[in-house]
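Residue numbers (the UniProt record's numbering): 1 to 281.
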């Protein structure tokens with residue numbers, strides 16, 4: 001239960017005193033008890049030049065510290081958001097270009113053997129992505145991408161054989177991953193998964209992008225894990241055919257809202273609809 005705060009719990013400016021760094025009150029204590037201390041810039045009674053007193057300097061530093069403590073988390077979050085936006089756009093561009101290049105060589109994607117994800121990745125896609133490392137479905141555990149046995153005992157989620165990823169709610173993702181999921185890892189660590197016979201979409205081929213690789217968190221849908229479908233010789237975001245108002249609707253399953261069931265499935269569509277900006281976290 002949330003604790004109700006009395007008015008005495010709030011410092012000037014509306015900030016809760018309980019969240020104010022303890023060192024700020026130490027500074028106030030020093031300042032209040034040192035009004036007669038010598039000026040740290042050399043002031044003494046009788047001098048013509050007057051600088052700042054120690055009390056004034058300490059209070060100023062305290063205020064600066066409070067402002068920094070309040071704004072730094074926002075700055076960090078904004079930087080993380082911008083980094084995710086850039087990585088998603090880069091990964092989507094790389095996969096789309098590889099997809100187009102492969103069609104130029106081998107014909108339209110609609111005629112490829114999509115029931116065999118291993119073949120599609122190894123024959124069509126991987127040759128168009130420099131340094132791509134393949135992870136065949138036959139050598140992987142169920143529900144995972146880019147799985148490596150040598151790390152299975154040292155990583156709880158990113159390379160765990162039973163659960164790598166979670167929805168925005170924190171619930172582990174099983175479907176749509178299957179034992180037929182094949183994947184590849186790009187030089188920058190991005191992991192691309194291909195899932196044939198997808199049970200969650202009318203478009204049966206699902207393409208999944210982990211923008212920073214499975215070994216780096218948070219391994220969460222909508223944060224570093226995004227879903228796409230292969231349709232009409234294109235790679236489209238899962239949810240491309242949803243109404244704009246439904247993409248973040250908390251009452252609609254799979255929407256890009258933490259309160260929805262299986263939340264985060266359509267976040268790629270939400271990001272692209274918002275001009276490649278992440279506005280939901």
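The beta-carbon is built from N, C-alpha and C at its ideal position, and this holds for glycine as well.
For residue 186, which of 82, 98, 60, 63 has the nearest alpha-carbon? 98
Residue burial classification, residue 210 (beta-carbon count within 10 angstroms, cutoff 16): buried
Element boundaries [alpha helix (DSSP H), containing residue 191]: Here residue 191 belongs to no alpha helix (DSSP H); instead the beta strand (DSSP E) covers 191-195.
Cβ-Cβ distance between residue 238 and residue 266 below 8 Å: In contact: residue 238 and residue 266 (Cβ atoms closer than 8 Å).
Kindly list the residues whose CB is nearer than 8 Å to the CB of residue 197, restricted to its own chain and excluding five residues on each side of it in sequence; keep chain order. 115, 178, 180, 204
Of all the options 173, 240, 67, which has the alpha carbon lying nearest to the alpha carbon of residue 274? Comparing Cα positions, the closest option is 240.
What number of angstroms, rounded off, separates the C-alpha of residue 68 from the C-alpha of residue 227? Each residue's alpha carbon lies about 37 Å from the other.
Quick check: the Cα distance between residue 136 and residue 118, rounded to an integer number of angstroms? 6 Å
Below 8 Å between beta carbons: does that hold for residue 264 and residue 168? yes
For residue 59, report the span of its alpha helix (DSSP H) as first-last. 54-106
Straight-line gap, residue 58 to residue 276 (C-alpha atoms, nearest Å): 44 Å
Would you list the residues sitting across from residue 208 in a DSSP beta bridge? 193, 227
Assign residue 247 to buried or exposed, taking buried as 16 or more other Cβ atoms, counted over all protein chains shown, within 10 Å of its Cβ. buried
Taking residue 132 as the reference, which of 213, 86, 63 has the closest Cα? 213
Does residue 82 pass the burial test, meaning 16 or more other C-beta atoms within 10 Å, or should it be called exposed? Residue 82 comes out exposed.
Looking at residue 254 and residue 103, is the spacing between their C-beta atoms short of 8 Å? no
Applying the 10 Å Cβ sphere with the 16-neighbour rule, what's the burial state of residue 78? exposed
Nearest-angstrom Cα separation, counted from residue 70 out to residue 106: 55 Å
Beta carbon proximity, residue 60 to chain C, threshold 8 Å: Considering every chain present, this structure includes no chain C. It has just one protein chain.
If I measure Cβ to Cβ from residue 258 and keep anything under 7 Å in the same chain, skipping five residues before and after, which residues do I get? Shown here for residue 258: same chain residues with a beta carbon closer than 7 Å to its own, the five before and five after excluded, namely 168, 169 in chain order.
Looking only at C-alpha atoms, which of 121, 218, 85, 281 sits nearest to residue 192? Distance check between residue 192 and each of 121, 218, 85, 281 places 121 closest, using alpha-carbon atoms only.
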